[in-house]
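Only one structure is covered here, and it is reproduced in the block below.
2 protein chains.
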Amino acid sequence: MALLDSSRHSRDSVLSGVNPDLASERLTASFSVEKLTAVLDGGAEHTRMRRAIAEAIESDPVFSRENQYFQSQNERYEAAVRKAVHLQKKMREMGWTENGPEVKYIHRCLAGDIAFHLHRVFMRSISVLGSDKQVAKWIPLASEHRIIGSYAQTELGHGTYLQGLETTAIFDIATQEFILNTPKISAMKWWPGDMGRSATHTIAFAQLYVRGKCYGVHPFIVQIRSLQDHSPCPGVTAGDIGPKMNFEHIDNGYLMLQNVRVPRENMLSKFCEVQPDGTYVRWGSQKINYFTMTTVRISVLTDEVILPLMKACTIAIRYSAVRRQSKLKPGEQEAKILDYQTQQQKLLPQLAAAYAFHFINTYLHELFNTGYQEIQGRNFDLLPELHALSSGFKAMVTQYCTSGVEICLRACGGHGYSLLSGLPSLYTNILASCIYEGENTVLFLQTARFLIKCFMAASAGQPVPPSVTYLSSANPRKCPAKDKLDFLSADIYVKAYEQTAIRLLSSNAAKLQRLTQSGVDEHEAWNQCTVELAKAAKAHCHYITVKNFVETVEKLDHKAGIQKIMKNLCDLFALHGIFSNAGDFLYDGYLSEAQMDLVTASYLDLLAVIRKDAVPLVDAFDFTDKSLNSALGSYDGQVYQRLYEWAQKSPTNQQENPAYRKYLKPLLQNTLSKL
Amino acid sequence: MALLDSSRHSRDSVLSGVNPDLASERLTASFSVEKLTAVLDGGAEHTRMRRAIAEAIESDPVFSRENQYFQSQNERYEAAVRKAVHLQKKMREMGWTENGPEVKYIHRCLAGDIAFHLHRVFMRSISVLGSDKQVAKWIPLASEHRIIGSYAQTELGHGTYLQGLETTAIFDIATQEFILNTPKISAMKWWPGDMGRSATHTIAFAQLYVRGKCYGVHPFIVQIRSLQDHSPCPGVTAGDIGPKMNFEHIDNGYLMLQNVRVPRENMLSKFCEVQPDGTYVRWGSQKINYFTMTTVRISVLTDEVILPLMKACTIAIRYSAVRRQSKLKPGEQEAKILDYQTQQQKLLPQLAAAYAFHFINTYLHELFNTGYQEIQGRNFDLLPELHALSSGFKAMVTQYCTSGVEICLRACGGHGYSLLSGLPSLYTNILASCIYEGENTVLFLQTARFLIKCFMAASAGQPVPPSVTYLSSANPRKCPAKDKLDFLSADIYVKAYEQTAIRLLSSNAAKLQRLTQSGVDEHEAWNQCTVELAKAAKAHCHYITVKNFVETVEKLDHKAGIQKIMKNLCDLFALHGIFSNAGDFLYDGYLSEAQMDLVTASYLDLLAVIRKDAVPLVDAFDFTDKSLNSALGSYDGQVYQRLYEWAQKSPTNQQENPAYRKYLKPLLQNTLSKL
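Chains A and B, in that order, give the protein sequences. Letter 457 of the first sequence, counting from 1, is numbered 457 in our numbering, and no numbers are missing. With the second sequence counted from 1, adding 675 to any position gets you our numbering.
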């Protein structure tokens, strides 16, 4: 394996030990890879910090992911807890802090393969929703892992629709306690991570009842396991929900509560409180209780969604420059599969999307940081827009990136299907992001509701939030583009996206109005429009993403070739969206048949242009071989040798065939005399 | 568990033990479920046989899949071999034969969860490509499992492009043997099932060399493991390729050959032969060597592709009638998620597709049976059309069904992501079908090449094969539909599909011609059109599927409501395709904007109509609970109780927490004194 242990540093001599087909791709880059990496990191000093952290973590054997693809659910879980505990020690040693600049690089490097994620959400909930006193009591305990927390919202029978949660918390004035119950099987908490086997405490969401009156869903800190021997507390039944498509290392759990009592002080009470006499007091919107979830939706995008797409692109594109198959012309050498238009059409739009989403993610994080400050100051004005943006973008980005990872996997043929390629686990992991933190269709419809409201307001000349001012734009009825180069002009395609988003919203608004005017109940009318409303919400987010990509490119340094290649990717992202959703752009004649031909021509031309820089463009993501953990995607491109060497380590090759003596030998022994 | 052990027979009393929300769905069926099942089976007597076989297999504990979701790769493999060996015994006991009518029902029931699939391909290859003498020698040995075969075609460095295979077979006149070698790492055979740990023999595909001249790829029977002790034969290195996304029960393997000698008689020689003096003789097309693969492409569709989609629909639709979430109107009970238009839009088109593909599959099997007869009589005229059809339909059906299963999985939210839902394994299994037996893009392009040839021939007034005579049709330039009911007329939508397929082909033909006339090399021109050529091939297959669905519906009995509901499904399948690919139909104005609105309206109306029969329509697939192996999809709809009961059985709940003593206890013990 020594030969194959290439590291980032080997790039100083791109040719040594590197598959020559891959090495040659790096000699012709039209831009500086190192400078693009720094752009992505937000500065070269961040790149240095990130690399130093990666080095420190990857050189530590506890964090090794070498045998990950061969481990059972129990082994994965044990290793993940070990890593989480070890990380605390490591952070102290290295002087890294939970609120320091290092933490995001640490988690990028661990790639989610560690326990106590929900413990972090537990802490964030207390920080956001807890009173100063609650923060002072619980955060130190939790941050030192002297308790292990979880976040118990989802129930067996309820997910995204929080109002329907069935767990109850009844205030007992006599004892000054809340009595928590999961009164039926569907009320059982189900899915929370870190809860099945690890957690001692959880934030349980329950319907608050005081003197028989229901005040809606509130969060309560509940101890579920003994700190002495880890046995379930009285009234608690908890366990692991069993195998899943991925996340074997996480103990997603179930929790039944039967008359479990917690003191009055355990209801998180920054924004509302039950006073000793049972009086319920609230400061600000009850919706603030959902704000943790809103921020989690945005915070998952980086590590759980966009980085996985970048990794999948890195693996698939490097492999496609090494894999040769069939001939472009008779008599020639077999061609790199990356030279086939069909392979470019699969992979390069995903690469462009990875960049597009990296930039929109930066935009969203800045927006949410501002919003968070406001909310801490008890100004809730931004909540509706933040909620709509977090819902729509969570849905759009997870859906797009999941599909992108799947395309990368399939584009690697059979070898992509081997766990050793790293692609299956990226896929099964990212797929969950379409479901957790709000099911995507439900989220799109929440965004659609906000957009329809804004559209009506804009139509009535009323002011609307900044992200939707475009709804008041007066656009031309026809796209003015005349030749294929016009479609490389951002003005042209941004307007086309804008026009399409407006048209989808306005036709939904009109249909809703038509239905209600014809006597259909408004809720039924809404349901009859939901297929198209979800589409409109997606078109809105797609438009904002394109616009933001364009604006980001404009601000880039025009030296070192970076602005130019980013412009190409931006064009590709935009034109691929038009090519793939042609019906939406052709529908009202905004684009003509002839213009759609120009889009197609321009789009296919771009594929050939970007193909030349495809490998440097994934190199710029700067993943170490260890973080990719892929036999197909390593920097040196020694794919066949690595597949073979890794396969040797499989437990299926480490012992006698378990079926031979019992089943095969008795059959085959009869043959001997007869052959 | 006794309560939950519902079986097919419980349907006689639909209400007993069944979730009332699911039971109520069955009381209003517009057709006879039992009669529709018989239609799908091709007659009630087949239904009876199928059920009897399912009963016999499912009552046998060796075939149990109860713990499947909890097993390791080694455990799955051992169980699969055990089942394969036991099946032979069972077949003898029951009087079932490999060529009898029972065999397809046996494999439907086993759902692929058994070893020795490639052993069957080994046998089929010998039957199709072997001389009478070879058949007489090898088939009895193989059919009694006195040897275990595999089919070693794919190499580490070569998949679909067979001409590029690097394994060599050099004829040694002196010894009358072939000497087989995998001369480099990329030449190693990689992926063949049953080869990693089980097989004693394989059909190895290798470039045949006689006196230094290469005659192309040929199949050779090679012994790879000793019949005495199962150790590798001299010159053979073999093993398991390690973990994959699914197929843990199959020992996909690798094989290196170093100067492995087999006698001259081991080259399969029905159609060609190396004579003792080294003379190479061929009867008929060399392409016949690929015919096994061509037939396998069609034969996998039933069990590996269409049945999984049917199962996924069954699970997701039953669950969606039980799961209630959110409210359609304030104040009402929470609604069944199947009542949301967005959920209908996800699931019902998949249901319609499952029926569409069931019917096209019947059509393809009939066509191939005819073709097989012809080829046995050494008439190869049908080969090009069969090859084009098998390529295009394999690609189209696997791609569509894979996407359908994924939609079903995601539509079940978090619970769909649990292995216990059965959906993840259906998905990871069907995903492989997009890759094995020919990568789909390559296959679409093979079909496109055939279609372009036929299109040129048709344009020149020459005769073309039956499946493409439509290319000579003279169609109107505009769709004549005037209101939304017109789009429920098969004539209207079949013509729209036909027109679109012709238009995509003709514009590709024109672009190819334009490019070559402008001086672009013909192979480069082909590459520049491949994105659109693949699309044209898909459109062709989609058209044939719609047309075949229409023709099937016309032939159905109009009694018992079956023809009516099948007509609805056919309309839905067709209109969903137009709605989802609107750009292709709007592009040249064949459909206008107003007509596209009618399509959308008609399509959305159909969702509401078919929703009423959705549960009976999946009941008609007649899967037993054991064959679904899903906590969400059982006939009785007791989803929450079953999820909870199955989770208890997970190994993660069967032992002490492996992380507690080592990692958690040391942390938490410090807490005690301080809390």
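From the three backbone atoms N, C-alpha and C, an ideal C-beta is built for every residue, glycine too.
Item: Is the distance from the Cβ of residue 613 of chain A to the Cβ of residue 565 of chain A below 9 Å?; Value: yes
Item: Alpha helix (DSSP H) containing residue 1038 of chain B: first to last residue?; Value: 1016 to 1051
Item: Taking all protein chains shown into account, decide if residue 848 of chain B is buried (16 or more other Cβ within 10 angstroms of its Cβ) or exposed.; Value: exposed
Item: Distance cutoff 9 Å, beta carbons only. Does residue 334 of chain A sit that close to anything in chain B?; Value: yes
Item: What would DSSP say about residue 255 of chain A, mapped onto helix, strand or coil?; Value: strand
Item: What residues in the region 746 to 764 of chain B have a beta carbon less than 7 Å from any beta carbon of chain A?; Value: 747, 748, 749, 752, 753, 756, 757 and 760
Item: Which residues in the same chain have their Cβ closer than 7 Å to the Cβ of residue 1270 of chain B, if we skip the five residues on either side of it in sequence?; Value: 1154 and 1156
Item: I'd like to know if residue 1050 of chain B contacts chain A, where contact means its C-beta is closer than 9 Å to some C-beta of that chain.; Value: no
Item: Who pairs with residue 853 of chain B in a beta bridge, going by DSSP?; Value: B:846 and B:937
Item: With a cut-off of 9 Å, does the C-beta of residue 1115 of chain B fall near any C-beta of chain A?; Value: yes
Item: Check distances from the C-beta atoms of the region 517 to 528 of chain A to those of chain B and list, in chain order, the residues that come in under 8 Å.; Value: 521, 523, 524, 527 and 528
Item: Just curious, the alpha helix (DSSP H) that residue 894 of chain B is in, first and last residue?; Value: Unbroken run through residue 894 of chain B is the beta strand (DSSP E), 888 to 898; no alpha helix (DSSP H).
Item: Give, in chain order, every residue of the region 238 to 267 of chain A whose Cβ lies closer than 8 Å to some Cβ of chain B.; Value: 239, 240, 241, 242, 243, 244, 245, 251 and 254
Item: For residue 472 of chain A, which residues in the same chain have their Cβ closer than 6 Å to its Cβ, ignoring the five residues on either side in sequence?; Value: 458
Item: Assuming residue 1249 of chain B contacts residue 1168 of chain B (C-beta within less than 8 Å), just tell me the rounded distance between them.; Value: 4 Å
Item: What residues of chain B sit near residue 166 of chain A, judged by a beta carbon separation below 8 Å?; Value: Going along chain B, no residue has its Cβ under 8 Å from residue 166 of chain A, so there is no contact; the nearest lies around 11 Å.
Item: Report yes or no: do three or more beta-carbon pairs, one from the region 394 to 412 of chain A and one from the region 433 to 445 of chain A, lie closer than 8 Å?; Value: yes
Item: Given this structure, state the Cα-to-Cα distance separating residue 844 of chain B from residue 1152 of chain B, to the nearest angstrom.; Value: 57 Å
Item: Mapping the DSSP letters down to three states, classify residue 155 of chain A as helix, strand or coil.; Value: strand
Item: Let me know if residue 526 of chain A comes out buried or exposed under the rule of 16 or more other beta-carbons within 10 Å of its beta-carbon.; Value: buried
Item: Closest Cβ-Cβ distance between residue 1088 of chain B and chain A: below 9 Å?; Value: yes
Item: Strictly under 9 Å for the Cβ-Cβ distance: is residue 49 of chain A near chain B by that measure?; Value: no
Item: Might you give, ordered along the chain, the residues of its own chain that have their beta carbon closer than 6 Å to the beta carbon of residue 976 of chain B, omitting 5 neighbours on each side?; Value: 1036 and 1072
Item: What residues in the region 977 to 991 of chain B bring their beta carbon closer than 7 Å to a beta carbon of chain A?; Value: none
Item: Distance check for residue 373 of chain A and residue 1213 of chain B, CA to CA, integer angstroms please.; Value: 52 Å
Item: Using the three-state DSSP reduction, which class does residue 564 of chain A fall into: helix, strand or coil?; Value: helix
Item: Between which two residues does the beta strand (DSSP E) carrying residue 782 of chain B extend?; Value: Counting along the chain, residue 782 of chain B falls outside any beta strand (DSSP E), though it belongs to the alpha helix (DSSP H) covering 778 to 785.
Item: Beta carbon of residue 837 of chain B, beta carbon of residue 1098 of chain B: below 9 Å?; Value: no
Item: What does residue 818 of chain B touch in chain A if you count any residue whose Cβ is under 8 Å from its own?; Value: Here the premise fails: no neighbours, minimum Cβ distance about 12 Å.
Item: Leaving out five residues before and five after residue 898 of chain B in sequence, what residues of the same chain have Cβ atoms less than 7 Å from its Cβ?; Value: 875, 876 and 908
Item: In chain order, what residues of the same chain have a beta carbon less than 7 Å from the beta carbon of residue 1101 of chain B, not counting five sequence neighbours either side?; Value: 983, 986, 987 and 1080
Item: When the Cα atoms are used, what is the spatial distance from residue 284 of chain A to residue 380 of chain A?; Value: 8 Å
Item: For the beta strand (DSSP E) containing residue 955 of chain B, list its first residue and its last residue.; Value: 955 to 957
Item: With a threshold of 9 Å between beta-carbons, can residue 687 of chain B be considered close to chain A, or not?; Value: Because the pLDDT of residue 687 of chain B is 47, which lies under 50, any placement of that residue in the model is unreliable, and the number read from its coordinates should be weighed accordingly. No, because no Cβ of chain A sits closer than 9 Å to the Cβ of residue 687 of chain B.
Item: Assuming residue 192 of chain A contacts residue 149 of chain A (C-beta within less than 8 Å), just tell me the rounded distance between them.; Value: Their Cβ separation, rounded to whole angstroms, is 10 Å, which puts residue 192 of chain A and residue 149 of chain A out of contact at 8 Å.
Item: Closer than 9 Å, CB to CB, is residue 1206 of chain B near chain A or not?; Value: yes
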